[in-house]
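The block underneath contains the structure these notes are about, expressed in structure tokens.
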């Protein structure tokens, strides 16, 4: 997806000056990084048509000016995930009323000039601003002129504007220019230089990951991307009498050339099904993998079945996830 302006509209309110030049940011989503939310994209630090995140990786796209923090499914989004202020400040502008519909369904033309969807901009003084985009329709809890504290609720994660998946697009600006909160003032192509703007307590959980698994589980039959997104795939627990035993994963941030292997093991540790995919022909923002077997005569044997998902990149392990399910009658 090509980047488009995510501006809300012209500045209409004056802000109180901040007491300090520097800014220290809280996570702007009320979630647990790596379990209930994940970073899908970082700021694109390459000014050319090529792309590069702050670690010289490919977890971004051309012109992307923020950090995308996604929730794992639409079911999680509909349950409600709060967006919170990353720092103290004054609300400059907001927008609400944009429908929560994937741009794949409604078309890009329908979100022209409202690419940010439902959003808010907060001024933190001394030239610092944060912007929050794609929030849920009807969830905006602040208005221009409000003075807010870090952690105050702004709205909820949604699917409004120019987006294909439920997430918060979070942009930081200093004096009108995009500031990467992971690598502020990093020299070009420094691959990890610059200064983190995140609170010290967050830096461990926000450690860079060049790809990760956001969904995994077992199902009693075929699995689709739609089933994973809706949460249905993770709700259907297989039993010894299920017509099949299927294990699945959805991973984000995979790169061209990555090799994926998903293996299903029986209670004795014997491999009974495997999906070994050919090397990827291009970078993948997200991808699903699954494997499984039909019910044997007499049903599945009770016990713990395990699955292991591995991604090999440039000959080295890049991702490994092991998980299991106990089959009962």
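In mature numbering (1 follows the signal peptide of the UniProt record, and there is no 0), the protein residues as written are -20 to -1, 1 to 309. Where a beta carbon is used, it is the ideal one built from N, C-alpha and C, also for glycine. Note that this is a predicted model, so its numbers are computed, not measured.
Item, Value
"Cβ atoms of residue 191 and residue 299: under 8 Å apart, would you say?", "yes"
"Once the 5 residues before and after residue 175 are set aside, which same chain residues still bring their CB inside 7 Å of it?", "164, 165"
"The beta strand (DSSP E) with residue 194 in it runs from where to where?", "192 to 199"
"Which same chain residues, not among the five before or five after residue 205, have their C-beta less than 8 Å away from its C-beta?", "230, 268"
"Which of the three DSSP states, helix, strand or coil, is assigned to residue 90?", "helix"
"Residues in its own chain within less than 6 Å of residue 286 by CB, not counting five upstream and five downstream?", "245, 304"
"Excluding the five sequence neighbours on either side, which residues of its own chain have a C-beta within less than 7 Å of the C-beta of residue 60, listed in chain order?", "136"
"On the criterion of 16 or more Cβ atoms from any shown chain inside 10 Å, does residue 86 qualify as buried, or is it exposed?", "exposed"
"With the cut-off set at 8 Å, would you say residue 125 and residue 112 are in Cβ contact?", "no"
"Report the CB separation of residue 323 from residue 68 in whole angstroms; it is logged as a contact under 8 Å.", "Because the chain is modelled from -20 through 309, residue 323 falls outside the range shown and cannot be assessed."
"Roughly how many whole angstroms lie between the Cα atoms of residue 31 and residue 45?", "12 Å"
"Identify, in the order they occur along the chain, each residue of the same chain with its Cβ nearer than 6 Å to the Cβ of residue 116, setting aside the five sequence neighbours on each side.", "80, 136, 138"
"Under the assumption that residue 27 contacts residue 194 (Cβ atoms under 8 Å), give the Cβ distance between them as a whole number of angstroms.", "So it is not a contact: roughly 30 Å between Cβ atoms."
"Between the stretch 270 to 284 and the stretch 225 to 239, can you find at least three pairs of beta-carbon atoms closer than 8 Å?", "yes"
"Taking the alpha-carbon of residue 162 as reference, which of 22, 114, 308 has the nearest alpha-carbon?", "22"
"Would you call the CB atoms of residue 97 and residue 141 closer than 8 Å?", "yes"
"Quick check on the burial criterion: 16 or more other C-beta atoms within 10 angstroms. Buried or exposed for residue 89?", "exposed"
"What ranges does the beta strand (DSSP E) occupy inside the stretch 104 to 150, keeping only unbroken runs of at least 3 residues that lie completely in it?", "108 to 115, 133 to 136"
"Buried or exposed: which applies to residue 75, given that a residue is buried once 16 or more other Cβ atoms fall within 10 Å of its Cβ?", "buried"
"By Cβ distance, which residues of its chain are closer than 8 Å to residue 237, with the 5 residues on each side in sequence left out?", "259, 260, 293, 294"
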